[in-house]
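Heads up: the sequence lines are chains G and R, in that order.
Read left to right, the first sequence gives residues 161 to 539 (this note's numbering).
Read left to right, the second sequence gives residues 4 to 279 (this note's numbering).
From the three backbone atoms N, C-alpha and C, an ideal C-beta is built for every residue, glycine too.
The structure appears right after this line, and notes come after that.
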Amino acid sequence: MCQIRLDNVQKRFGDNPILSDIQLTVEAGEFCVFIGPSGCGKSTLLRLIAGLEDTSAGNIHIDGVRVNDLAPAKRDVAMVFQSYALYPHMTVYDNMAFGLRHLKLGQAEIDRRVRAAAESLHLAALLERKPGALSGGQRQRVAIGRAIVRQPKVFLFDEPLSNLDASLRVKTRVEIARLHRSLGRASMIYVTHDQTEAMTLADKIVLLKPLAGQDGVPSIAQVGHPLELYHHPRNRFVASFIGSPSMNFIDATLQHAGADGLACSAGGITLPAAADARTLPAGSSVTLGIRPEHIAVGQGPLKGRVIHLEHLGEHSYAYLETPLGATPLIAKLSEQQAAIGDTLPFALPAPHLHVFDAEGDALPRLSRHDVTPAALATH
Amino acid sequence: MKKHPVETLLYYVAVALVMVISLFPFFYTISSSLKRGNELFSTSLWPAHPSFSNYASLFRDQPFGAYLLNSVLVSGGAVLLSLGVSVLAAYALGRVSFRGRGVLMMTILGVSMFPQVAILSGLFELVRALGLYDRLGALVLTDLIFTLPFTIWVLVTFMRELPKELEEAALMDGVGVFTLIFRIFLPLLLPALAATSLLAFIGAWNEFLFALTFTISPEQRTVPVAISMISGGSSFELPWGTIMAASVIVTVPLILLVLLCQRQIVSGLTAGAVKG
Chain G
161 MCQIRLDNVQ KRFGDNPILS DIQLTVEAGE FCVFIGPSGC GKSTLLRLIA
211 GLEDTSAGNI HIDGVRVNDL APAKRDVAMV FQSYALYPHM TVYDNMAFGL
261 RHLKLGQAEI DRRVRAAAES LHLAALLERK PGALSGGQRQ RVAIGRAIVR
311 QPKVFLFDEP LSNLDASLRV KTRVEIARLH RSLGRASMIY VTHDQTEAMT
361 LADKIVLLKP LAGQDGVPSI AQVGHPLELY HHPRNRFVAS FIGSPSMNFI
411 DATLQHAGAD GLACSAGGIT LPAAADARTL PAGSSVTLGI RPEHIAVGQG
461 PLKGRVIHLE HLGEHSYAYL ETPLGATPLI AKLSEQQAAI GDTLPFALPA
511 PHLHVFDAEG DALPRLSRHD VTPAALATH
Chain R
4 MKKHPVETLL YYVAVALVMV ISLFPFFYTI SSSLKRGNEL FSTSLWPAHP
54 SFSNYASLFR DQPFGAYLLN SVLVSGGAVL LSLGVSVLAA YALGRVSFRG
104 RGVLMMTILG VSMFPQVAIL SGLFELVRAL GLYDRLGALV LTDLIFTLPF
154 TIWVLVTFMR ELPKELEEAA LMDGVGVFTL IFRIFLPLLL PALAATSLLA
204 FIGAWNEFLF ALTFTISPEQ RTVPVAISMI SGGSSFELPW GTIMAASVIV
254 TVPLILLVLL CQRQIVSGLT AGAVKG
């Protein structure tokens, strides 16, 4: 219906490359989240699609039409701004109706759409108020309402929740997910730096990495379902970005590689891992990665001394000083009791170890974590 | 923290001093305008028998009402034109980036720094060439030239401070540039417009040199020139009472304007545009 296709899109500000080699398709009705560290150009990419910035090269197609030279209003997209950007001198009703009046819609149709949007966003009682008299959450809903009434093919959200407090953020997140389901066919593109938002909302995550002035490197680090990025990061950048607290990394040397896994040594200790390293010669340096929740604390051949504890109520994180490397490992403790100074036994289960080569690219994992929608539905 | 009584006393003494220094001339103007004949030469602060005869003679001896109307037309016209032009100019200079914008801004500022006398002869030629000599249009034009740099600079500053997202939201809504300026930016600029137009109005209202140079006939005379031309029975007599009465009348519209606009000037209309 309204597929968005970006074809080799580039963006530079002067001599400074911001985005390069963007090859991306967002399917109709898909919820796509752009995420990445600050300066990776995620907002710029959104603004390119909105038409607020021009591409330096490449094509953008919305619904099969090349929109590079179309004005923002002609692209059939609606945008929700981070700062809401409501017109302060107009009432809530006029804020939502303003764009429709410029589309030369009939008064009755405008009224119908605005009232319907206000109803679904619980704004009906506030229609005659001005933005100055609204709370942050209400302003946010007006901004979303202003987008809904236009009935666009694509919704663009630029960090819409970052100005809300934590509890409102969770509520509005659920609202946005509900909105996406109820609108069905409209695609949504959502920019955020918040992983939780990305993981919970997205059908597809686009993880961008900052170019930092380099040319010729693609900006997209990985595209895929949130769990795909979580379980099968393509490289070290993705692995360290997705997941909080971030993945532990251990420098190691490859000892031998076979069809059923590899063995490597770190700090004089031999560790097996379920990854295919047969392309690398023995003796190559590799990096092992393991997520805090996958470290099995309580039993195992390895020993670590607790140097710091973070209690989050439901579970805790322990910082373990180990002979494996200089950086302490962060391990999730769900039931075990520990105190600073304790020495805990632990193991790094081979199926959960990620292995990266010297360039940071991930080696194929032998244990496949199924992340297809069908498998997810059974969870 | 409680202040020491001496400190409070000093504070009010200072306030009183400032008030007396700034208000005494005005008070003396008003009291002189109410004095009659030889009373003017007494040093009393308030006349024993206040009378409005100076005000009556002001309007009787000359068409002072017509002069007032001329001043209103000239100042009002210059202010309205300058607002229209400077809002558009401020949008271009404040929100559109183009090559030479900084140079243009400095030029506009530079122009306003010449003293009036220095450009008088040039302006005279301009006025003559346009066929505006001895018409109110000449004064509207020259006052406009003098207020524009100021109004543009002030409005550019305010225009720059409007959030960029508002402009982008309007762009997403598909509005044209004039709708953007007049329907979205203008309402937000009202406080700035009130303040600048007030100052521009005061400047044009009190303007003397251009009014004296570019008009000759009494029909085109504005108030400041008219006051300077009030003369007594002989060349040895200056009718101070009448002059004071005229000065009081000239000041009243300005005070009314300030009272009218002061709420606009202080209100922050952009509240609620963005999170704040």
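Comparing C-alpha distances from H471(G) to each of A491(G), G464(G) and G485(G) shows the shortest one belongs to A491(G).
Around the beta carbon of W208(R), a 10 Å sphere encloses 16 or more other beta carbons of the protein chains shown; the residue is thus reported as buried. Straight through space, the alpha carbons of F516(G) and F409(G) are spaced by roughly 10 Å. Comparing C-alpha distances from K364(G) to each of E388(G), D354(G) and I308(G) shows the shortest one belongs to E388(G).
Excluding the 5 residues flanking it on each side, L414(G) has same chain C-beta neighbours closer than 7 Å at L422, C424, A437, L440, A442, G443, S444 and V446, in chain order. Residue contact check for L86(R) against chain G: no CB pair falls below 7 Å.
Annotation for L371(G): no beta strand (DSSP E) segment contains it, and DSSP assigns it neither H nor E.
In this structure, C200(G) is the residue among I164(G), D167(G), C192(G) and C200(G) with its C-alpha nearest to the C-alpha of L371(G). Under the 8 Å Cβ criterion, the stretch 249-264 of chain G does not count as touching the stretch 204-220 of chain G, having fewer than three qualifying pairs.
DSSP, read as helix, strand or coil, puts F211(R) in coil. The stretch 90-140 of chain R is shown to contain no whole beta strand (DSSP E) run of 3 or more residues.
Going by C-alpha positions, V334(G) is about 13 Å away from R301(G). Against E171(R), the close residues of chain G are R207, A210, L212, P232, M239, F241 and A245, in the order they occur along the chain (beta-carbon pairs closer than 9 Å). In this structure, DSSP gives R465(G) an extended state, which the three-state scheme calls strand. Taking 8 Å as the upper bound for CB-CB distance, Q382(G) and L367(G) are in contact here, some 5 Å apart.
Judged by beta-carbon spacing, L508(G) lies beyond the 7 Å limit of I429(G), meaning their Cβ atoms are not closer than that value. For the alpha helix (DSSP H) assignment, the uninterrupted runs of no fewer than 4 residues enclosed by the stretch 172-256 of chain G are, from N- to C-terminal side, 202-210.
In the three-state reduction of the DSSP assignment, Q267(G) falls in the helix class. The three-state reading of DSSP puts M407(G) in coil, since its state is none of H, G, I, E or B. The beta carbon of A188(G) is closer than 8 Å to those of M161, C162, Q163, R345 and S347 in its chain, skipping five residues each way along the sequence. Taking C-alpha positions only, L246(G) is separated from N57(R) by approximately 57 Å.
Close to chain R, meaning a Cβ-Cβ distance shorter than 8 Å, are the following residues of the stretch 251-264 of chain G: F258, G259, H262 and L263. Cβ-Cβ distances below 6 Å link R525(G) to A435 in the same chain, with the five nearest sequence neighbours on each side left out; the list follows chain order. Within 9 Å of the CB of V178(R), the CB atoms of chain G belong to A233, F258, G259 and H262, in sequence order along the chain. P190(R) belongs to the set of residues whose beta carbon lies under 7 Å from a beta carbon in chain G. Using a C-beta cut-off of 8 Å, the stretch 170-178 of chain R makes no contact with the stretch 210-219 of chain R, since fewer than three inter-stretch Cβ pairs fall below that distance. Beta bridge pairing from DSSP links L316(G) with M239(G) and I349(G).
In this structure, the CA atom of P197(G) is about 31 Å from the CA atom of L281(G).
Selection Y14(R), W156(R) and E128(R) evaluated against S89(R) yields W156(R) as nearest (Cα-Cα).
In this structure, L462(G) keeps its C-beta atom at 7 Å or more from the C-beta atom of L513(G). Residue range T503 to A507 is occupied by the beta strand (DSSP E) that includes P505(G), with no alpha helix (DSSP H) assigned at that position.
Non-local C-beta neighbours of G125(R) in its own chain, meaning closer than 8 Å and more than five positions away in sequence, are absent.
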